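Following: one structure in structure tokens, then a few remarks.
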Amino acid sequence: MSQIFNLYRLQQLDSQLDSALSKLSELELLLQNDRELQESQKKFDQEQERLKALSHSLSKIEYDVKQQNIKIEQSESTLYGGKVKNPKELKDLENEVVSLKKYLTVLEERELEMLIAVEEQVGVTEQTRQQLQEVIQAHEIKKADCLGEIEQLRKEMTNLENEKNILIQGIPEEFLERYQQIRQSKKGIAVTRITDKSCAACGTTLTGGLIQESRSPDKIALCPSCGRILYGG
Ligand SMILES: [Zn+2]
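Quick note, in our numbering, the sequence shown goes up one by one and the last residue is 1586.
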């Protein structure tokens, strides 16, 4: 087997491994990204807190209404109980009951407003709870997809590594070193094909002599422009 072909095959495997590795990093990043989930959870927590606060206010106003009714009952029972006979005292009591009832109306209006606010907030909270549920489900599906893809990629990478290890055993040390040096300095691409009498990596037109040289099975021909190993096929 031609040594240059082996280098070309090694380049193919390395390029596939590089792209698998970059895809793997992308997937791992995607897996960690749960911003949407966090935001949805935060929104739900906020609405739930708001509901809690409104419910607390409602309980308070309900208590106030109850207390006001007790006060009215007590004043009315004194007023109509027959124990107080003094007309001035009776008149004062009567005025007190009127005033207590007037304030009760104010309290009851507030109670009604608060009741409506609580009901509305129950609706809003339920809506955000459903939205959160949907986001959680979508996140779980995305996570499962990601994990599946990661597993698949790891298998592919293992196969590529195995093939690479076998291939490397048949390539002379000096060829491998040259390959590694060029790969490191040329953005991962050390070996390139020739297309239309040009270097496929940089596009430079190659001389007939160089193309001839690139077809030699065990002689390294370099692109005069980008310095990559030319594989003439
Ligand atoms: Zn080139």
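Note that CB positions come from ideal geometry on N, CA and C, so glycine has one too. It should be emphasised that the depicted structure is a prediction, and the values quoted were computed from it without experimental measurement.
Item to check | Pair within 8 Å by beta-carbon distance, V1418 and L1457 | outcome: Yes, Cβ-Cβ distance for V1418 and L1457 is below 8 Å.
Checklist entry - With distances taken from CA atoms, which of N1359, S1378, I1357 and Q1364 is nearest R1507? => result Minimum Cα distance to R1507 is reached at S1378.
Item to check | Proximity test, R1581 beta-carbon vs ligand 1 heavy atom, cut-off 7 Å | outcome: Correct: R1581 has its Cβ closer than 7 Å to ligand 1.
Checklist entry - Would E1309 pass as a contact of E1462 if the rule is Cβ separation under 8 Å? => result No information on residue 1309 is available, as it lies outside the stretch 1354 to 1586 that the chain covers here.
Checklist entry - Which residue comes first and which comes last in the alpha helix (DSSP H) that contains T1458? => result T1458 -> alpha helix (DSSP H) spans P1440 to Q1522.
Checklist entry - Start and end of the beta strand (DSSP E) containing I1547? => result First-last of the beta strand (DSSP E) with I1547: V1544 to T1548.
Checklist entry - Would the beta-carbon of L1513 fall within 8 Å of that of L1366? => result Yes, the pair counts as a contact, with Cβ atoms nearer than the cut-off.
Next on the checklist: Which same chain residues end up closer than 7 Å to D1398 when comparing Cβ atoms and leaving out the 5 residues on each side of it in sequence?
Outcome noted: For D1398, same chain residues with a beta-carbon under 7 Å away, outside a window of 5 residues either side, do not exist.
Checklist entry - Since I1582 is in the beta strand (DSSP E), which residue starts that stretch and which ends it? => result Start and end: I1582 to Y1584.
Checklist entry - Taking 8 Å as the CB-CB limit, is E1379 close to chain B? => result Protein chain content of the structure displayed is limited to a single chain, and chain B is not contained in it.
Checklist entry - To the nearest angstrom, how far is it from the Cα of L1363 to the Cα of G1562? => result In this model, L1363 and G1562 are separated by some 25 Å (Cα to Cα).
Item to check | Straight-line gap, E1389 to V1488 (C-alpha atoms, nearest Å) | outcome: Answer to the nearest angstrom: the Cα atoms are 7 Å apart.
Checklist entry - How far does the alpha helix (DSSP H) with D1371 in it reach, from first residue to last? => result From DSSP, the alpha helix (DSSP H) with D1371 extends over Q1356 to Q1385.
Next on the checklist: Can you look up L1575 in the DSSP assignment and give me helix, strand or coil?
Outcome noted: Strand.
Next on the checklist: Please identify the residue among I1582, A1406 and T1558 whose C-alpha is closest to the C-alpha of E1472.
Outcome noted: Selected option, being the one with the closest Cα: A1406.
Item to check | Per-residue DSSP class, three states only, for S1551 | outcome: Strand at S1551.
Next on the checklist: In whole angstroms, give me the CA-to-CA distance for T1560 and L1360.
Outcome noted: Cα-Cα distance, rounded: 22 Å.
Next on the checklist: Would you say the beta carbon of A1554 is closer than 7 Å to some non-hydrogen atom of ligand 1?
Outcome noted: Because some heavy atom of ligand 1 lies under 7 Å away, the Cβ of A1554 counts as near it: yes.
Next on the checklist: What does the alpha-carbon distance come out to for the pair K1517 and I1573?
Outcome noted: Approximately 20 Å between the Cα atoms of the pair.
Next on the checklist: On the DSSP letters alone, give me the boundaries of the alpha helix (DSSP H) that L1411 sits inside.
Outcome noted: Boundaries of the alpha helix (DSSP H) around L1411: R1388 to Y1433.
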